[in-house]
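Protein chains in written order, with my numbering: chain A, 62 to 479; chain B, 5 to 823.
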Amino acid sequence: MPLRRRKFLCSAGVSLALPWFDAARPARAQGASTPAPPRRLVCICAPLGFYPGSFIPEEKGTGYKPSPYLELLGPHRQDLTVISGLAGISGGHQAIDGFLTGVPGAGQPGIRNGVSVDQFAAEQIGQQTRFQSLALSGEGLGLSWTRTGARIPAHQSPSRLFAEMFLDGKEDEVQSQLRGLAEGRSILDDVRDQAKTLQGELGTADRETLDEYMTSVRELERRLVVAEKWVRTPKPKVEAEPPKDITNRADLIGRTRLLFDLAHLAIQTDSTRLITIMLAGATSAPPIPGVSLGHHDLSHHGKDPGKLAQLKLVEEECIKVLGELLGKLSQSREGDQRLLDRTMVYLGSNLGDASSHSTMNLPILMAGGGFRHGQHLAFDPQNPPSLCNLYVSMLQRLGIEVDRFSTGTSTLNGLDFA
Amino acid sequence: MLRLLIFAVALGLFVDRFFIDSTAAADGEAAVGQPASRFFAEHCRKCHSGPEPQGDFVSDSLALDFTGQPMRKRWEGVLDQIRVGRMPPEGEPRPAPAEAAAMVKWIEDQIGGAEAARRSTVGRSPLRRLNQIEYQNTVRDLFQVDVDLTGMLPADSNGGGFDTDAESLHLSSYLLESYLNAANIVLDEAIASGPRPPLVEKRIEIKDDPGTKRHGVYRHLDDGVAIFASDLASNIQLVFWNFLTRHRGKYQFRISASAYQSDKPVIFHINGGTDNLGDPPYLIDYFEAPPGKPTVFEFTRSMEAGRNIRLLVDAPVRPRDLPSLGGAEKYEGPGLAVQWIEMKGPLIESWPPPSHRLIFGDLPLEPSADNPSRREVVSKEPRADAERILRGFARRAFRRPVSDEELRPTLARVGSKLDDGYSFERAVRVGLREILLSPSFLFLRESGAKEESKPAVNTSAVPRPLLLDDHALASRLSYFLWSSMPDEELFRLAEEGRLGQPDVLRGEVERMLKDPKAAEFTENFAGQWLGLREIDSTLPDRQLYPEYDDLLRQAMIPEVNQFFEEVLRNDLSVTHFVISDFGIINQRLAKHYGIPDVEGLEFRRVAFPPDSHRGGLLTMAAVLKVTANGTTTSPITRGAWVLGRILGTPPPRPPANISAVEPDIRGATTIRDQLAKHRKEPTCASCHLLMDPPGFALENFDVVGGWRERYRSIGDGEPVTVDGRRMRYKHGPAVESADRLFDGRAFGNIDEFKALLASDPDQLSRALASKLVAYATGTPTTLADRQGIESIVGSVREKNYGFRSLVHEVVQSELFRNQ
């Protein structure tokens, strides 16, 4: 007898949610063994990076002495790998567009960006959850890119996303939502026909643009169909209070914490398995005691010791919030494992040194997710493998059979499955 | 034709074949590659080959293919390296200048030829999507509603170029979804579904406002309240809670105020915000209250529902210092006396509003069947009315005549919705939304005129691109100058087939530039040409730049915009953009620039004294701010800015594997010393000798555009006192701005540098023409456009390089008028 999702979730409670176990799907339920619980990926980008001297440990291997920032993550030492030496695409702040796509020159005029690693994965495993993927942002733009080279708008309001994930609408709202979806689909149906007619009349370059249009129409149609299914499916219930948005743009730590909490809930309830988070890099001073300047301006410290000290305060707070996320993921259980063991948390940046806009020697942490951790993987900054090799490792760890992604041509040496 | 043939042969052949097997080249199998092959064999291959090529560049991987974008980009990279002489590097056998020049020309010709051939078949720019601003403006003009959609539509990624760049304007299912939702919002706004919102009128006597009893900055007078200080950060401001707007619309405000204890005007500003003080406020405007009898300040603004306003005084004293100066009761300094404030709105001229009548005409409204509090448009002949409405709408939305064929699916859909029991209005809304989602609305379709304009037998070697048809021309023109759809006049001229006539086109450009919508041209073209959209991406360090305040910030962009418009309006020479004996400034900027005798906030034309160092774009605060971060200036960044934006010769991108030189503000070393080291490295020198000098010319200007002769330091240096107050920064090393341009011409300071730039008006016009063409056509200019640009430059040369003439010449040019 099929299990009723809602009932199941209520009885399981928030700490024991096993929503991936979908008994409503006979193919799975009748399989020889219980399906393996899903794997997840959270990609986080700190757009201003971290002060290299406080982040990257001096020794490599398992016996490294923690750097000041890693000291803050002490309890999670065995759950994470520090990676240094890898390089991003060049282009300073603009290179952030290529952070998860690896497309050389992304962010520069005339360069078409490619699909980001989370969206690549979403094409394979996204259909199984209410949200194929989630793009979140503490301030401004997000990290995820579609195959058509367009940026996916990021959720910036935790309260709204919380409502979308966990609060069921009233019956008439659901009805009007369904009606809207149906209307949307019929509109898309017609405009696709118009595009087809138009296509016959246009030159090749225009046809490419129109292909992009048709692809987008098709994708949106598919998403509206899936959305219809989920509108009818009761949402998981969580005990957590709905978050209140922080409107103060300068409060980058508070905003980051809200996003991390939401990411944790989204994973715990299996609302999605793929999340990208752009951290804020505010221009005005964050409300942290001892900090009087904006994060961006601090990152251009001009070697001023006063600024460096303030920068360190901001970055330490940021690392601490990450520690909180790792803590929550390791306390939540999924079957006989910690949620952290099934969730890769990747923290990186497009900048190795924001002060000089260098995109070399990036600060990277990979935590959880089922890798053999506890080490500092130090690559030669002068001759590093592609950052996208790390993404190949992540994709494989998600169970996706690929041996290359973007400029990555193998898995990352030294980062092995646990 | 011959050229095309050669390309066909060359396509897919790799340069490497000619290197390795030089006999093949000698055989004349494809002699086209020969100059390249010899050059590459002699100068590149030694390092750029094998298993570990230098700089990750393998010369053999360059194919003789100039049509494909990726390969062309690589050739352009090679071109840059050779042109600036960075490659081959010092110490290796270097080509004779003539040999390098020949190589440069050869690559340019190949790229230019390939591009021209491509254009002739597919047109200049691919189908271009409306960008966020164009969408918003188009919807505004299409429906005559003023609705803010910026939060709804994802920002466009333009990679630092113009946001009209067709190649960067991608589409995704997410964007389509936003369009679907935005269409709903616009229709809700355009269609009157309820009764006319009531007019609300309120008046507050400031003395009665409870807010004036707090904070110790207010003194109650007979007829009002004097305010001596405000501070947003600690919420010392007057918030008019009673003025919360209930409906979106235009509101009129009136404020009675005068300067108090002051013989000079006192400045104040009004912010808008929500009823949550945590939400960031937005500036409505600055005002200055003269002394004497109270002045009534009246202004009308569009407000969203749920907004209120706040009043803050821009006084020289901070609230926390007031107690030590005698407190609000005894303080003798200047303040603002406010008597009363009034609000009236929403101001609605007619109901249903024009937007409603534009769609539905005079069709009656009745209470809706499923929701009696809502009113809906009804029709006795729903099908006929729907068809009439949608036909008229589609023509305007698609910016051209619409065939029955095209409209059929939409009409069928509306028909079937009516059959399904949809009400008339709801069915029509589906049709309207469909039109707003259609590719014909979302994309600017640049269709060519009919074949007849083309000679039957094409005698030239390269086939020529087609002229745009009149409707496509109308759109290109109106998105160029208005960032929005054509108006009825342009429609009419296009329908009559007259828009393409040179004199008609000229008349239209004049008409459009005089229209208020031309402010979009300034905002969007000048704003992006000069990078001004980045104005708030850094905040100046308060310790180093305590003089930076919001009043200065708010004056920066208007200075550039008004100067740009002044040059445009009067057809002044483009050299004014680099050197000018006047500027358009207000009191705050005058103080910043050290210009005497400019009182008041309004902007006016001011003649700059000869020793002011000001005049022209380069020395405007906004430009100097966006080319710096909040702490330091870098000659490299500013130099690259001048080369790319003003001279149109952007330096090559920095090599991937280097770190930037960082200025140091500890006062021990200057950027000049640091870069001097850099310029001694042969590999760095080639670019830095190009980039740094224009940057050094601007080194006398700090991060907020103030003049400096000494760097400000937070470490070593001499103490500084301003207006009797000891500053937290010190005077560090002296600034040196003299340098020598790449071509050897020396300059001693910014004034001499400006003169050098202005001495080549051809190059300034060339650069600006190229930017205008890129912005207007959605495609950057390339080597293939050289001739077209030169002919524009040739025409403005005869018109004293007037900027308005330049805009005209661009519009008249083939580059603009062709597909």
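Beta carbons are placed, not taken as given, at the ideal position from N, Cα and C, and that holds for glycine. Since we're looking at a predicted model, the values are computed, not measured.
From B:P284 to B:A498, what does the alpha carbon distance come to, in whole angstroms?
46 Å
By a C-beta neighbour count over all protein chains shown, 10 Å radius and 16 as the cutoff for buried, is A:R279 buried or exposed?
exposed
Just mark B:R821 as buried or exposed, buried being the case when its beta carbon has 16 or more other beta carbons within 10 Å.
buried
What residue range is occupied by the uninterrupted beta strand (DSSP E) comprising B:G1?
In the structure as shown, chain B starts at 5 and stops at 823, and residue 1 of chain B therefore has no counterpart that could be examined.
Please determine, among B:D540, B:G806, B:P613 and B:A522, the residue with the shortest C-alpha to C-alpha distance to B:G587.
B:P613
Could you tell me whether the stretch 325 to 344 of chain A touches the stretch 100 to 113 of chain A, using the rule of 3 or more Cβ pairs below 8 Å?
yes
Among B:A121, B:T249, B:R314 and B:F257, nearest to B:H273 - alpha-carbon criterion
B:R314
What does DSSP give as the partner residues of A:M339 in its beta bridges?
According to DSSP, which records beta bridges pairwise, A:M339 is partnered with A:C106 and A:S198.
Output the boundary residues of the alpha helix (DSSP H) element that contains B:A187.
S177 to A194
Along the chain, where does the alpha helix (DSSP H) containing A:T317 start, and where does it finish?
L313 to Q329
Simplified DSSP state of B:A373, which is helix, strand or coil
Correct three-state label for B:A373: coil.
Compare the C-beta of A:D254 against all C-beta atoms of chain B and say whether one is closer than 9 Å.
yes
Report yes or no: is there a C-beta of chain A within less than 9 Å of the C-beta of B:G165?
yes
If you measure between the beta carbons of A:H362 and A:L109, is that distance less than 9 Å?
The beta carbons of A:H362 and A:L109 sit no closer together than 9 Å.
Pick helix, strand or coil for A:E289, following the three-state DSSP scheme.
helix
Considering B:S328, what are the terminal residues of the alpha helix (DSSP H) in which it resides?
Premise fails: B:S328 is in no alpha helix (DSSP H) and is neither H nor E.
Taking CB distances under 9 Å as the criterion, tell me whether B:Y139 reaches chain A.
no
Under a Cβ-count criterion, where at least 16 other Cβ atoms within 10 Å of its own Cβ denotes burial, should B:Y483 be classed as buried or exposed?
buried
Any residues in the stretch 112 to 128 of chain B with a beta carbon nearer than 7 Å to a beta carbon of chain A? Which ones, in chain order?
T125, V126 and G127
B:N528 bridges to which residues according to DSSP?
Beta-bridge pairing links B:N528 to no other residue.
So which of B:P765, B:L760 and B:I793 has the shortest CA-CA distance to B:L776?
B:I793
Does the beta carbon of A:V164 come closer than 9 Å to any beta carbon on chain B?
no
Within 9 Å (strictly less), CB to CB, does B:D474 reach chain A?
no
Anything in chain A within Cβ reach of B:H174, meaning under 7 Å, just list it in chain order.
T209, G210, A211 and E273
Which residue's Cα is closest to the Cα of B:L191: B:F166, B:S234, B:R218 and B:V143?
B:V143
At what residues does the alpha helix (DSSP H) containing A:T489 begin and finish?
The displayed coordinates of chain A run from 62 to 479. Any statement about residue 489 of chain A would go beyond what the structure contains.
B:G228 versus B:G220 - alpha carbon distance
16 Å
For B:A34, name the three-state secondary structure that DSSP assigns.
Because B:A34 sits at a pLDDT of 41, beneath the cut-off of 50, its placement in the model cannot be relied upon, and the following sentence gives the value as read from the coordinates. In this structure, B:A34 counts as coil in the three-state DSSP scheme.
Take B:E493 and list the residues in its own chain whose beta-carbon comes closer than 8 Å to its own, dropping the five residues that flank it on each side.
E512 and R515
Taking a contact to mean a Cβ-Cβ separation below 9 Å, would you say A:A215 touches A:G230 in this structure?
no
Residue-level contact to chain B via CB, A:H137, 9 Å cutoff
It does not; no Cβ of chain B falls within 9 Å.
Is it true that the CB of B:I640 sits closer than 9 Å to the CB of B:N704?
no
Rounded to whole angstroms, what's the CA-CA distance from A:I338 to B:E603? Just pull it up for me.
49 Å
Any beta-carbon of chain A closer than 9 Å to the one on B:I718?
It does; some Cβ of chain A falls within 9 Å.
Between the C-alpha atoms of A:R403 and A:S205, what's the straight-line distance to the nearest angstrom?
22 Å
Nearest CA to the CA of B:D575: which residue from B:Y426, B:R546, B:V811 and B:Y222?
Cα-wise, what sits closest to B:D575 is B:V811.
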